[in-house]
Amino acid sequence: MSMRPASLPTHGYNSPRGSGGNRSMLTAIVMAAGKGTRMKSERPKAITPLLGQPLTRYVLQALEAAGVAPIIVVVGHGADEVQRALGEQYRYALQAEQLGTGHAVMQAVPYLPAEATHVLIAAGDSPLVTPEVFRALHETALQTDAACVLATAILDDPTGYGRILRDAAGNVVGIVEEKDAAPDQKAIREVCTSFYCFRAAARRAARPHESSRTKCRRAARRAAAPEQPERAGRILPDRHDWRLGGKRRARGRLAVA
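Everything in the sequence shown is counted per the working numbering, starting at 2 for the first residue and increasing by one.
If you want it as structure tokens, here you go:
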């Protein structure tokens, strides 16, 4: 199949100025390559119907409402079907083999505009995400000049999510997946969502197959170095509710690394 990018949209372009006064250009990568096995559907997960629309369209609409363009959609399982359902107004990157989110992001990197300064990374299966989440991620990245900003959430039941690890001072020092978590770590209620904002240069420089979570882990470790104490995984004030995966509601936070 052809993965030629669609024409660059000319509306809704979000380009506020960063802390240094330079123009910021924001783009996004949306993960939409999954099979939808857990949904027990033969359709690709990205286009599983929800209230008359494909699941991933809600994420795309939230990005568009936040003024993000261009949007790059990573497709894999049923790529042709997904592209037809979502439309030609987006750029598409093909992940022929589903080798994880890090690999998926790397397939999209060649489609990033050369002038992009920041890139949002979003899961395509979170239909209740709001434009405010994306605006907050971008604004925080500009204000802090962080390599990575991630949205975290506090859940009553964090089962299934990666846990946020902090040191005694409250600095983010890592993310541990549930399957790798020790019993005391599984008791942590602060979890990693699938929403990030990276400096585009940092994302382009990521190692092959390195996931967004791994990239944030490395950034957090660097930020926690003694010579950079003021930037060590700071936590921002609590925001409004996040809604995760279309099913869980949680108190949301942003953390920088």
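In this text, a Cβ means the ideal position worked out from N, Cα and C, and glycines have one as well. Everything numeric in this text was worked out from a predicted model, so none of it was measured.
Can you tell me whether A183 is helix, strand or coil according to DSSP? coil
Any 3 or more C-beta pairs closer than 8 Å across the stretch 144-160 and the stretch 84-103: no
Exposed unless 16 or more other CB atoms sit within 10 angstroms - verdict on D126: buried
In the DSSP assignment, find the alpha helix (DSSP H) that holds E140 and state where it starts and stops. P132 to T145
Is the beta carbon of V150 sitting closer than 7 Å to the one on R164? no
Can you tell me whether G79 is helix, strand or coil according to DSSP? coil
Would you kindly work out how many angstroms separate the C-alpha atoms of A70 and A183, rounded to a whole number? 40 Å
Is M32 helix, strand or coil by DSSP? strand
What does the Cβ neighbour count give for K180, buried or exposed, with the cut at 16 atoms within 10 Å? Exposed: under 16 other Cβ atoms inside 10 Å.
Could you have a look at I148 and say whether DSSP puts it in helix, strand or coil? A quick correction: the sequence has Ala, not Ile, at residue 148. Coil, per DSSP.
Measure the alpha-carbon distance for I72 versus L61 and round it to whole angstroms. 8 Å
Taking the alpha carbon of A202 as the point to measure from, which residue in S195, E116 and R136 has its own alpha carbon closest? E116
Grab me the residues of D168's own chain with a C-beta within less than 6 Å of its C-beta, minus the 5 sequence neighbours each way, in chain order. V174
Closer than 6 Å by C-beta to S195: which residues in its own chain qualify, once you throw out the five before and the five after it? Chain order, please. A124
Counted within 10 angstroms of its Cβ, other Cβ atoms place A251 as buried (16 or more) or exposed: Because A251 sits at a pLDDT of 47, beneath the cut-off of 50, its placement in the model cannot be relied upon, and the following sentence gives the value as read from the coordinates. Buried: at least 16 other Cβ atoms inside 10 Å.
Cα-Cα separation, A67 to L56: In a straight line, the C-alpha of A67 is about 18 Å away from that of L56.
Given Y162, which residues of its chain have a CB within under 6 Å of its CB, disregarding the five upstream and five downstream residues? V192
Could you pull the DSSP bridge partners for Q54 from this structure? L51
Just to confirm the assignment, what range does the alpha helix (DSSP H) spanning V106 have? T102 to A109
Between the CA atoms of V76 and T145 - distance to the nearest angstrom: 32 Å
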